[in-house]
Amino acid sequence: MLKYFIYCRKSSEEEERQILSIEAQLQELRDYAKQNSLFVIKEFSESKTAKEPGRPIFNQMLSEMEEGKATGILAWNPDRLARNSIDGGKVIYLVDMGKIQSLKFPTFWFDTTPQGKFMLSVAFGQAKYYTDNLRENILRGIRQKLRRGELPAKAPLGYYNEPRLRTIEPDKATFKKMKKCLELFAEGNHTLTKIRDEMFSMGLVSKTGKPIHLSSLQFLLTNPFYYGMFKYRGELQQGSHKPMVSKKLFDKIQLAIHDNGKPRKISQQKVFPFVNFAQCGECGYQITAEQHIKKSGLVFRYYRCTKKSKTHKCGQHDFLREEKLAEQVQNICQNVSIPDEWRDKFLAKISQWEQEQNDTSGIFAQNLKDKIKVIKEKTNRLIDLHLDGEIELDEFKQKKNILVEQKADLENKLNDFERKGNHWLELMKNWIIDANQAHNLANTKNSPGMRNFLKTVGSNRILLNGKLQISFAKQYELLLNIPPKARTTGEGEAFNTWRNSVWWPLLDSNQ
Ligand SMILES: [Zn+2]
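At position 253 of the sequence shown (counting the first as 1) the number is 1123 in this note's numbering, and the numbers step up by one without a gap.
Shown next as structure tokens:
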């Protein structure tokens, strides 16, 4: 049985006000450990920032792990462990060395696969977004998994991720139960709520031990994984795992869902676009929405803290009108977006780079191909010599082996090179297009669109004293820092200064 350390941290800094107190973290983690039967042997906590390396208690914990006293850490979120590359790197290094075999976070799913480590390093804030060899390796790993028909993600309910073979296998405890539920639902006379309750009574519950959320259930019921396929990036792939039901039954389920009417999640979001969008900046619990209809028939809609914390009496009494929140969302979107003229200019620059890169890559690739050709010719000559009896078998074998190795080496290089291609330029292009899309979403006040965009590019969405705050991925943070004057004109001195000091160097650094 793995032994775990619990680690809690909260810095006294202003920006961490929204983080759960150490006491609250401890309580949550103890509960989590209990629910998941984790064997905790010691608890560590400290009030220090994790931005700089050198936290004494954290270091103490890691050295105890190196001694093998425990092989697992349980913490509220990866950012409790590290916010700098040294500490983040240490944790990942210990994972690589097998000194850490398990990291558990109630807020973050991790396993020790390459993807898991990649996600973790992103969480530690050390990932360089555009050019990262690690990323390339992950992509390679994912492609390999796809070729083998393995879903590169967490196994859905009823299955588990086999840690050694890295495959997905039926879970003894839940496979049959889940199958039973799918069959029940396919009959068509059960609502989602009924199935959910049925599942709960069978012990099919969410990670937190509560009944599965209806939107998650909807997601499960439409997951092609259950009939042997899976979707990756919108594409359907043949899986190599054991199917739970037949395609025919799966189709019946889809029909039943359709007949069940629109799923709750969608209809709810239609009414309240910003439900489950942000957390309370004081207590960390979700912001919920409420609707009041006046006698006159006027409808008022508000957002407020759910105040579910048992350990902290939340003092946020604001009821924020939906219009006010939408206005803030619109402003924030506007601030991380780029206008149409910019998009066109930047895209033009990118295609110029693409052209340049293609030219140089062409030469490089041709060079490799030429070398491979030469080796092939040499090999043929060698075979001829041997057939003509000019050289002995031993010498022939030895020389041929050298050529084979050289050829394989060059071919690998060529493969690698072709695969990498214009990867970072692609990413940059997508960024420009997305950021411009945000501009259009904001202009048309498309609330669901803006919400989805901010959910994708922003994290730590917090509502405090009626003010929405969002942390952005690095490339959007850059946009955030554009001087307002530059933003409105899209040209002129202010714009040029920003472009020359921020944008071009950023691109250069990625070449
Ligand atoms: Zn609150």
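We put the beta carbon where it would ideally sit given N, CA and C, even for glycine.
Residue ranges of each alpha helix (DSSP H) within the region 1282-1326, 4 or longer | Within the region 1282-1326, the complete alpha helix (DSSP H) runs of at least 4 residues are 1293-1313.
Would you check whether ligand 1 has a heavy atom nearer than 8 Å to the C-beta of Lys-1177?
-> Checking every heavy atom of ligand 1 against the Cβ of Lys-1177, one is found closer than 8 Å.
Cut-off 7 Å between Cβ atoms - residues of its own chain near Gly-1167, not counting five sequence neighbours on either side | Answer for Gly-1167: no residue qualifies.
Quick one: what's got a C-beta closer than 6 Å to Gly-1011's C-beta in the same chain, skipping five residues either side?
-> Closer than 6 Å at the Cβ level, and outside the excluded window around Gly-1011, lie Pro-984.
Buried or exposed for Tyr-1000, please, with buried defined as at least 16 other CB atoms from any protein chain shown within 10 angstroms of its CB.
-> In this predicted model, Tyr-1000 has a pLDDT of only 31, less than 50, meaning its place in the structure is not dependable; the value taken from the coordinates is given anyway. Tyr-1000 should be labelled buried.
Across which residues does DSSP place Asn-1031 in a beta bridge pair?
-> Note: Asn-1031 sits in a beta bridge opposite Ile-1038.
List the endpoints of the continuous alpha helix (DSSP H) containing Tyr-1346.
-> For Tyr-1346, the enclosing alpha helix (DSSP H) begins and ends at 1344-1350.
Going by DSSP, what residues sit across from Val-1169 in a beta bridge?
-> In the DSSP assignment, Val-1169 forms a beta bridge with Ile-1163.
Ordered along the chain, which non-local residues of its own chain (more than five positions away) have a Cβ less than 6 Å from that of Phe-1070?
-> These residues qualify, in order along the chain: Pro-1081.
Is Leu-973 closer than 9 Å to Gly-938 when the C-beta atoms are compared?
-> No.
Which first and last residues belong to the alpha helix (DSSP H) in which Ser-846 is found?
-> Given a span of 871 to 1381 for the chain in the structure shown, any question on residue 846 remains unanswerable.
Nearest candidate by alpha-carbon position, reference His-1060, set Arg-1018, Gly-1098 and Asp-1129 = Checking every option, the nearest Cα to that of His-1060 belongs to Asp-1129.
Out of curiosity, what's the CA-to-CA distance linking Phe-988 and His-1256?
-> Each residue's Cα considered, the two are about 51 Å apart.
CA-CA distance, Ala-1343 and Leu-899?
-> Linking Ala-1343 to Leu-899 through their CA atoms gives a straight-line distance of about 28 Å.
Using DSSP with H/G/I as helix, E/B as strand and the rest coil, what is Gln-1107?
-> Shown here, Gln-1107 sits in a strand according to DSSP, grouped into three states.
Taking the DSSP output, what are the residues bridged to Lys-875?
-> First, the amino acid is wrong: residue 875 is Phe here, not Lys. Paired residues: Lys-912 and Ile-943.
Gly-1319 versus Arg-1191 - alpha carbon distance = Rounded to whole angstroms, the gap between the alpha carbons of Gly-1319 and Arg-1191 is 19 Å.
How big is the Cα-Cα spacing for Lys-1049 and Val-1115?
-> The alpha-carbon atoms of Lys-1049 and Val-1115 are separated by roughly 7 Å.
Reducing DSSP to helix, strand and coil, say where Lys-1183 ends up.
-> Secondary structure of Lys-1183 (DSSP, three-state): coil.
Whose C-alpha, out of Pro-1209, Ser-1329 and Ser-1371, is nearest the C-alpha of Val-992?
-> By alpha-carbon distance to Val-992, the top candidate from Pro-1209, Ser-1329 and Ser-1371 is Ser-1329.
Use the C-beta contact count for Val-1199: other C-beta atoms within 10 angstroms, 16 or more gives buried, fewer gives exposed.
-> When all chains shown are included, Val-1199 counts as buried.
Between which two residues does the beta strand (DSSP E) containing Leu-932 stretch?
-> That residue, Leu-932, is in no beta strand (DSSP E); its alpha helix (DSSP H) goes 926-936.
Roughly how many whole angstroms lie between the Cα atoms of Leu-1074 and Phe-1120?
-> Leu-1074 and Phe-1120: Cα-Cα distance of roughly 19 Å.
According to the neighbour-count rule (16 or more other Cβ atoms, all chains shown, within 10 Å of its Cβ), is Asp-1067 buried or exposed?
-> Its Cβ having fewer than 16 others within 10 Å, Asp-1067 is exposed.
When we look at the beta-carbon of Glu-1211 and count the other beta-carbons within 10 Å, is it buried (16 or more) or exposed?
-> The residue is exposed, with fewer than 16 neighbouring Cβ atoms inside 10 Å.
Beta bridge counterpart(s) of Arg-1369 as assigned by DSSP | DSSP lists no beta-bridge partner residue for Arg-1369.
Sort Lys-1112, Gln-1345, Arg-1357 and Thr-1367 by Cα distance to Lys-1046 and report the nearest one.
-> If we check each option's Cα against that of Lys-1046, Lys-1112 comes out closest.
If you draw a straight line from the C-alpha of Lys-1337 to the C-alpha of Gln-1156, how long is it?
-> Distance from the CA atom of Lys-1337 to the CA atom of Gln-1156, rounded to whole angstroms, is 15 Å.
Identify whether Asn-1335 lies in helix, strand or coil by the three-state DSSP scheme.
-> Three-state DSSP puts Asn-1335 in coil, outside helix and strand.
Return the residue from the list Cys-1051, Phe-914, Glu-1039 and Gln-897 that minimises the CA-CA distance to Pro-976.
-> Scanning Cys-1051, Phe-914, Glu-1039 and Gln-897 for the CA closest to the CA of Pro-976 turns up Gln-897.
Gly-1019 CB to nearest heavy atom of ligand 1 below 8 Å | In this structure, the C-beta of Gly-1019 stays at least 8 Å away from each heavy atom of ligand 1.
Mind checking whether the beta-carbon of Tyr-1155 lies closer than 8 Å to any heavy atom of ligand 3?
-> Ligands in the displayed structure: ligand 1; ligand 3 is not one of them.
Can the beta-carbon of Asp-966 be found closer than 9 Å to that of Phe-994?
-> 9 Å or more divides the Cβ of Asp-966 from the Cβ of Phe-994.
To which residues of the same chain is Lys-1117 closer than 6 Å at the C-beta, ignoring the five residues directly before and after it?
-> Cβ neighbours of Lys-1117 beyond the five flanking positions: Tyr-1097.
So what does DSSP say about Phe-980, is it helix, strand or coil?
-> Correct three-state label for Phe-980: coil.
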